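Before any comments, here is the structure.
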Amino acid sequence: MTTLLSIGILFTFTAIAFIIYRWGNIKCIGVTPVKTFTFIAILFTSGLDVGLIMFPLTEFAGYADLAASPEYAFSNPLAIEFGFWGFLIWAFYFLTCFYFCVIEPRVKFFDIPLIKWINNIVIIGTCAFTASLLLTNLPWYLPEMSNAGTAVNSFYLIVFAVIATSVYSSSDIRFVRILSLASTWLFFALIAIMWIGAFTSADSSVGEFFSTLALIGNYFSNIESFVLPINGYHEFYLFWWFAWSIMIGQFTARFVGGMKTYNLLLAMLIFPSIPIAIWFTVLYYYSANAIDISGFYNIAMVIVGITFVINSLDSLIRLYTDNLNLSIARFGKINYFCGNLLFISTLTLLFQLNFLQIQWIGALVIGLFFGCFAYILAYKYKEVLSIQTSPIENAIDFTKIELAH
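Here my numbering = 1-based position in the sequence shown + 777.
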């Protein structure tokens, strides 16, 4: 699996370099374009899940334990955490976003019946894994509700309610803009509240915060170390990003609002990484200074994490139901709601039982990448090389999102 992953990563960055060289000045326009801030909000909140909120505080100590993990010695825990979540890794999303926006409308690889089914298996599996992560992490952040650190019935009810809300919101695309902007502003508010809390709970200064933030600079001076897997845990993360990339590309490609290709790449690398860097710095400051987060902060993090999960599940459910024609128009609202709710809830439990693993899904996505490339070389080589613009039927009209359902 490690060899497959490494080859997949090198292929991905080679493909990105070719795209920038060949089509760097093309204006990318999706079928439902939105303004740049809304696009970034959709990208950020759909492209991340509860792990961004809940993982770091549980991971910093592991990255600092060089006796157990000497492979982390080249950097510091904050830079490593950022390297697992920020900047370069977002290039995966750029590749698939550009492909589905500009190339796939000409190639139609994902319209091939077998590929369509594999694609939707990936989307559905990723959807269930996202809900499973929430269920796994709730006991750590709400220990007063857990049973010796394990999930109890109340946690299952919370996750069930989250899935139900996501299924309902997926029934109308207009919820995308509302959910994405709300999640973004809630996240910014959480950062501000916890930043203020850090400096009222400890004898610290703004200068200390920026000194902590500066530790992330070590990521950029060692960026090459984050390209290929550092160890098994990093490998898990990279497979996870691959699994997400195919879905995020399909979803965000709809909303690109006319950015040139190189600007799209820069936007996808830089804009999500800024709040991630600030958020991780705040959390690392809490961790390094042993500042208590129980009570209000824990609850606030869970609330924001849940909004991220709803946002992500909404995107995933919308994708596979569109792809498989499991629409409300076809089945009715009640059947649509109950069917998706039961299906995703069941798969979530399978992840909890370790019956499914995200690494398998990531490997399947890498296989799709190679299959698509081979298909283009065999059947669509001339058509792809002749691409000069986004599909001509896509025009910049920011009112489309208000009219879509």
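Where a beta carbon is used, it is the ideal one built from N, C-alpha and C, also for glycine. Fair warning: this is a prediction, and the values are worked out from it, not measured in the lab.
Inset, instruction - State the Cα-Cα distance for the pair Leu1096 and Met1024, rounded to the nearest angstrom. - result: Those two C-alpha atoms are separated by around 8 Å.
Inset, instruction - Have a look at Leu1130, Ile950, Asn1171 and Gly994 and flag the residue whose alpha-carbon is nearest the alpha-carbon of Asn853. - result: Gly994
Legend entry - Where Ile950 falls: helix, strand or coil (DSSP): In the displayed model, Ile950 falls within coil according to three-state DSSP, outside both helix and strand.
Legend entry - C-beta atoms of Ile796 and Val1161 nearer than 8 Å: no
Inset, instruction - Please say whether Leu781 and Ile1143 have beta carbons closer to each other than 8 Å? - result: yes
Legend entry - Given Tyr1152 as reference, the closest of Phe814, Gly828 and Arg883 once Cα atoms are compared: Looking at Phe814, Gly828 and Arg883, the one whose alpha-carbon comes closest to that of Tyr1152 is Arg883.
Inset, instruction - Return the chain-ordered list of same chain residues with a C-beta closer than 6 Å to the C-beta of Asn914, the five sequence neighbours on each side being excluded. - result: Met831
Legend entry - Nearest residue (CA-CA) to Leu834, options Met1078, Thr813, Thr822 and Lys812: When each option's Cα is compared against that of Leu834, the closest is Met1078.
Legend entry - 8 Å Cβ cutoff met for Gly1035 and Ile784: no
Legend entry - Contact belief for Ile940 with Leu1101 at Cβ below 8 Å, rounded distance in angstroms: With 8 Å as the limit, Ile940 and Leu1101 do not qualify as a contact, their Cβ atoms being about 18 Å apart.
Inset, instruction - Quick one: residues in its chain with C-beta nearer than 6 Å to the C-beta of Leu911, no 5 flanking neighbours on either side, listed in chain order? - result: So the qualifying residues of the chain are Val827, Val936 and Val1086.
Inset, instruction - Would you mind sorting Phe932 into buried or exposed? The rule is 16 or more other CB atoms within 10 Å of its CB. - result: So Phe932 ends up on the buried side.
Inset, instruction - State yes or no: is the C-beta of Lys812 within less than 8 Å of the C-beta of Lys1037? - result: no
Legend entry - Start and end residues, beta strand (DSSP E) containing Met1036: Gly1034 to Lys1037
Inset, instruction - Figure out for me which residue from Ile898, Gly801 and Glu858 has the closest Cα to the Cα of Asn1040. - result: Gly801
Inset, instruction - Could you check which residue in Ile889, Leu1005 and Trp867 has the C-alpha nearest to that of Pro1049? - result: Trp867
Legend entry - Alpha-carbon to alpha-carbon, Glu985 and Trp1017: Cα-Cα distance, rounded: 33 Å.
Inset, instruction - In the DSSP assignment, find the beta strand (DSSP E) that holds Cys805 and state where it starts and stops. - result: First-last of the beta strand (DSSP E) with Cys805: Lys804 to Ile806.
Inset, instruction - Give me the Cβ distance between Leu958 and Thr791, rounded to the nearest whole Å; I'm assuming they're in contact under 8 Å. - result: With a Cβ gap of about 35 Å, Leu958 and Thr791 do not count as contacting.
Inset, instruction - Check whether the Cβ atoms of Cys878 and Ala1030 sit closer than 8 Å, and answer yes or no. - result: Taking the C-beta atoms as reference points, Ala1030 is found nearer than 8 Å to Cys878.
Legend entry - C-alpha distance - Leu934 paired with Val899, whole-angstrom precision: 25 Å
Inset, instruction - Determine the direct distance from the alpha carbon of Leu843 to that of Cys874, and round the result to whole angstroms. - result: Linking Cys874 to Leu843 through their CA atoms gives a straight-line distance of about 37 Å.
Inset, instruction - Using beta-carbon positions only, say whether Gly839 and Ala1054 come within less than 8 Å of one another. - result: no
Legend entry - Supposed contact pair Glu858 and Asn748 - C-beta distance, whole angstroms, cut 8 Å: Past the boundaries of the shown model lies residue 748; the chain is included only from 778 to 1182, so the question cannot be answered.
Inset, instruction - Would you kindly work out how many angstroms separate the C-alpha atoms of Trp1021 and Phe821, rounded to a whole number? - result: Looking at the two C-alpha atoms, the distance is approximately 13 Å.
Legend entry - Tyr1063 to Trp972 span [Cα, whole Å]: 9 Å
Inset, instruction - Please classify Leu1130: is it buried, with 16 or more other beta-carbons within 10 angstroms of its beta-carbon, or exposed? - result: exposed
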